[in-house]
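A.B. asks: Submitted below is the structure of interest, expressed as structure tokens.
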Amino acid sequence: MSLLEASEIVSGYGDIEILHGVSLSVGRGEMVAVIGPNGCGKSTLMKTIFGLLTPTGGRVTFKDTDITGMPPHEIVCQGLSYVPQADNTFLSLTVQENLAMGAFLRPDIYAVQAEMAYGLFPDLKARRNAKVSSLSGGQRQMVAMARALMLEPQLLLLDEPTAGLAPVFVEAVFAQIAHVNSQGIAVLMVEQNARLALEHAQRGYVLASGENRFTGESSALLANEEVARLYLGGAA
Amino acid sequence: MIALVVDGIILGSILSLGAVSLTLVYGIVRFANFAHGDLMAVGAYVAFFLVNTVFATLDIPIATFGPLSFGLPMLLALPLAMLMTAVVAVVVDRLVFRPMRARRYATVMFVIGSLAVAFAIRALVFIIWGPEFHFYTQALRPALKLPFDVRVKPDQIFILLACLAMVAGLYLFLQRSKIGQALRATADNPDLARISGINTEHMMIWTWAIGAALAATAGILLGIDSQIRPEMGWNLLLPLFAAAILGGIGNPYGALVGGMVIGIVQQVSTAFLLPTYKPAVAFVILILVLLIRPRGLFGSEQRGF
Ligand SMILES: Nc1ncnc2c1ncn2[C@@H]1O[C@H](COP(=O)(O)OP(=O)(O)O)[C@@H](O)[C@H]1O
Ligand SMILES: [Mg+2]
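Encoded structure:
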């Protein structure tokens, strides 16, 4: 049985329809990648799953609970967390305050979870009282991920976690994501580094123009000539 | 001159409190609330009503505190007036602004809405209390004579300390309390706040309640310093906005400084200009800031405080 099930999602901004019936699912503990060209609606899909956008069609269920149209502050109670592509930290707050906001609903587990987060991202511990606006891009991305992990989610939604990072950091971020996943947290990840994402994920979805284009095991997608040519920038 | 500066500091402390609360509300609701001055008037009138009508019928000792012009009734009226003004602001938000938020109206519609609220509040004050001036007390208190020809009424020292205490209290609340942090998070990045589990509609309620309570305090202190009139708050709107924008709109700590600067410059200007030009002075500062440094002294590109 799948953890997250999005079926036939129709969504967009105002009158502009971006997603024309997209479906995907994530199983317990699974790592799933969503790839596709810029502007095809990957971020829109994430926002819709997390209630920042209300779909005009389709259904989102999480652990068999219908979360379609639920406001984000209630969705996060269900056990899924979300790191948006842009503006994913509170820049004017300190690192520690960002983590506290991540645990806003569960102050009781804040201390334990903060220690866990500092264990996962040791760089942050030294800078815990620094404003996030003073951190580097890579450190901000760590803050964003740490904030999202504060409520012990069962599923983590990551929208382009490596965007704008230098290649050395990209590998490090993938390693951290793999580590999070190894603790049993399912990951649904949108990535521009499509090949790398598929190499880490078990399954992948290729979106194009707001529709499902290809779906399958990562190995199959990586081996697919057409996927490789169109979306992975080269031969399989 | 020094006397004018001292006067300016007293006026400035009231402007600071008004501007801090104005800009706090702005930082979260993201529109310029033109009803803010009239919330100050609501606070002043509710306190007037409590002190001179309600408490007068009760057995509350009316002796004044030492050299101050007021006593226990005013001290009791202050928190009650803060509470009532907060309720007014929250009710207005529920009735007027929340439906607009739900329909995602453009910012300009909220501003016009707040203008309508401002007119409505002032009209109600007029209807209930009439157009004439009121005073909390008729008692005259001698001013303290300080060196350099400076005269300060004991009330004014109280006003200054009360304003500073309020702003310090707000600072501690925003920095230390969980709700305060959540308010800052919401001002910084509302969508991320929602994703983190913060119900931003609750934050709206907190914002209006705190903003209005501080505005009410500013109104009462202004009433203690001078008199109570229906347009007392409306007339302060220009210096309040000038102070908030000078400090960097949305930044409460900047508004504190902005309020002081506007207060002092306004008072000192009376050495050269007729006092009726005081609002014009605030206006000139406002225009200069917008021309030279629209972000204000402490504003940044980034949201949040
Ligand atoms: N806030 C918005 N308002 C209107 N259109 C938007 C908004 N955000 C994104 N879009 C449009 O929606 C489409 C999909 O965007 P997005 O989901 O961000 O793509 P991706 O994440 O796959 O690059 C794009 O054409 C983009 O221009
Ligand atoms: Mg995107």
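Chains A and B are the protein sequences, given in the same order. If you want our numbering, it's the position in the first sequence, counting the first as 1, plus 227. If you want our numbering, it's the position in the second sequence, counting the first as 1, plus 5. Where is the CB? At the ideal position from N, CA and C, for every residue including glycine. Remember, it's a predicted structure, so these values are computed and weren't measured experimentally.
Could you compute how far the alpha carbon of Ile276/A sits from the alpha carbon of Thr191/B?
C.D. replies: So the two alpha carbons sit approximately 21 Å from each other.
A.B. asks: Are the Cβ atoms of Gly13/B and Ile269/B separated by less than 8 Å?
C.D. replies: Contact flag set, yes.
A.B. asks: State the start and end residues of the unbroken alpha helix (DSSP H) segment that holds Ile200/B.
C.D. replies: Counting along the chain, the alpha helix (DSSP H) containing Ile200/B begins and ends at Pro195 to Ile200.
A.B. asks: Could you check where the beta strand (DSSP E) with Arg422/A kicks off and where it finishes?
C.D. replies: Where Arg422/A is concerned, there is no enclosing beta strand (DSSP E), although the alpha helix (DSSP H) it sits in stretches over Ala421 to His427.
A.B. asks: Within the present structure, is the beta-carbon of Lys158/B separated from the nearest heavy atom of ligand 1 by less than 7 Å?
C.D. replies: The answer is no for Lys158/B.
A.B. asks: In terms of alpha-carbon separation, which member of Leu230/A, Leu318/A, Ala260/A and Arg286/A lies closest to Ser238/A?
C.D. replies: That would be Arg286/A, whose Cα lies nearest to the Cα of Ser238/A.
A.B. asks: What whole-angstrom Cβ distance do Phe102/B and Gly76/B have, given they're in contact under 8 Å?
C.D. replies: That pair is no contact at about 38 Å.
A.B. asks: Just to confirm the assignment, what range does the alpha helix (DSSP H) spanning Ser238/A have?
C.D. replies: That residue, Ser238/A, is in no alpha helix (DSSP H); its beta strand (DSSP E) goes Ser229 to Tyr240.
A.B. asks: What does the alpha-carbon distance come out to for the pair Gly254/A and Leu449/A?
C.D. replies: Answer to the nearest angstrom: the Cα atoms are 20 Å apart.
A.B. asks: When the Cα atoms are used, what is the spatial distance from Leu81/B to Gly224/B?
C.D. replies: In a straight line, the C-alpha of Leu81/B is about 16 Å away from that of Gly224/B.
A.B. asks: Leaving aside the five residues before and after Gly284/A along the sequence, list all residues of the same chain whose C-beta is less than 6 Å from its C-beta, in chain order.
C.D. replies: The answer, listed in chain order, is Val237.
A.B. asks: Name, in chain order, the residues that DSSP records as bridge partners for His247/A.
C.D. replies: BP columns for His247/A point to Val237/A.
A.B. asks: What are the residues that DSSP puts in a beta bridge with Val47/B?
C.D. replies: According to DSSP, which records beta bridges pairwise, Val47/B is partnered with nothing at all.
A.B. asks: For the segment 177-188 of chain B, which residues have a CB atom closer than 8 Å to at least one CB atom of chain A, in sequence order?
C.D. replies: Here the close residues are Lys183, Gln186 and Ala187.
A.B. asks: Quick check on Tyr539/A: does DSSP put it in helix, strand or coil?
C.D. replies: Residue 539/A lies beyond the range of chain A shown here (228 to 463); nothing can be said about it.
A.B. asks: With a cut-off of 8 Å on the beta carbons, I'd call Ser256/B and Phe310/B a contact; round off their distance for me.
C.D. replies: In the sequence on display, residue 256/B carries Asn and not Ser. Contact flag correct, Cβ pair sits at about 5 Å.
A.B. asks: By Cβ distance, which residues of its chain are closer than 6 Å to Ala317/B, with the 5 residues on each side in sequence left out?
C.D. replies: With chain B running from 6 to 310 in the structure shown, residue 317/B is simply not present.
A.B. asks: Please report the Cβ distance between Gln323/A and Arg355/A, rounded to the nearest whole angstrom; I am assuming they are in contact, meaning their Cβ atoms lie under 8 Å.
C.D. replies: Going by Cβ atoms, the distance from Gln323/A to Arg355/A rounds to 5 Å, so yes, they are a contact pair.
A.B. asks: Short check: CB of Gly329/A to CB of Ser182/B, under 8 Å?
C.D. replies: Against a cut-off of 8 Å, the Cβ pair of Ser182/B and Gly329/A comes out as no contact.
A.B. asks: Which residues, taken in chain order from the segment 218-247 of chain B, show a beta carbon closer than 8 Å to some beta carbon of chain A?
C.D. replies: Hits within the stretch: zero.
A.B. asks: Please identify, using Cβ separations under 7 Å, the residues of the segment 248-271 of chain A that lie next to chain B, in order along the chain.
C.D. replies: Of all residues in the segment 248-271 of chain A, none has a Cβ within less than 7 Å of some Cβ in chain B.
A.B. asks: Please tell me whether Pro334/A has its Cβ less than 8 Å away from any Cβ of chain B.
C.D. replies: Yes, Pro334/A lies at the interface with chain B (some Cβ there is under 8 Å from its Cβ).
A.B. asks: Quick check: the Cα distance between Ala52/B and Phe60/B, rounded to an integer number of angstroms?
C.D. replies: Taking the straight line from one Cα to the other gives about 10 Å.
A.B. asks: Once DSSP output is grouped into helix, strand and coil, what is the label at Gly174/B?
C.D. replies: Helix.
A.B. asks: Skipping 5 residues on each side, what residues in its chain have a beta carbon closer than 8 Å to that of Gly391/A?
C.D. replies: The residues are Gly364.
A.B. asks: Tell me the rounded alpha-carbon separation between Ala170/B and Phe303/B.
C.D. replies: When rounded, the distance between both Cα atoms is 21 Å.
A.B. asks: Beta-carbon of Ile200/B versus every beta-carbon of chain A: anything under 8 Å?
C.D. replies: Yes, its Cβ sits closer than 8 Å to a Cβ of chain A.
A.B. asks: Which residue wins for smallest C-alpha separation from Gln186/B, given the options Ala327/A, Thr292/A, Leu231/A and Ala402/A?
C.D. replies: For Gln186/B, the nearest C-alpha among the options comes from Ala327/A.
A.B. asks: Do Gln368/A and ligand 2 come close, with the Cβ less than 7 Å from some heavy atom?
C.D. replies: It does not: the Cβ of Gln368/A is nowhere closer than 7 Å to a heavy atom of ligand 2.
A.B. asks: Taking Val261/A as the reference, which of Leu318/A, Asp386/A, Glu342/A and Pro282/A has the closest Cα?
C.D. replies: The candidate whose alpha carbon is nearest that of Val261/A is Asp386/A.
A.B. asks: With a cut-off of 8 Å on the beta carbons, I'd call Ala220/B and Val95/B a contact; round off their distance for me.
C.D. replies: 13 Å between Cβ atoms; not a contact.
A.B. asks: Could you name the residues whose beta carbon sits closer than 5 Å to any heavy atom belonging to ligand 1, keeping them in chain order?
C.D. replies: That gives Tyr240/A, Ile245/A, Asn265/A, Gly266/A, Cys267/A, Gly268/A, Lys269/A, Ser270/A and Thr271/A.
A.B. asks: Looking only at DSSP bridge pairs, what is Gly284/A linked to?
C.D. replies: According to DSSP, which records beta bridges pairwise, Gly284/A is partnered with Val237/A.
A.B. asks: Could you check which residue in Leu27/B, Gly23/B and Val34/B has the C-alpha nearest to that of Asp193/B?
C.D. replies: Residue Val34/B is the option with its Cα nearest to Asp193/B.
A.B. asks: Does any residue of chain A bring its CB to less than 8 Å from the CB of Ala107/B?
C.D. replies: By this cut-off, Ala107/B is not an interface position.
A.B. asks: Less than 7 Å between the CB of Glu418/A and some heavy atom of ligand 2, yes or no?
C.D. replies: Result no, Cβ not under 7 Å from ligand 2.
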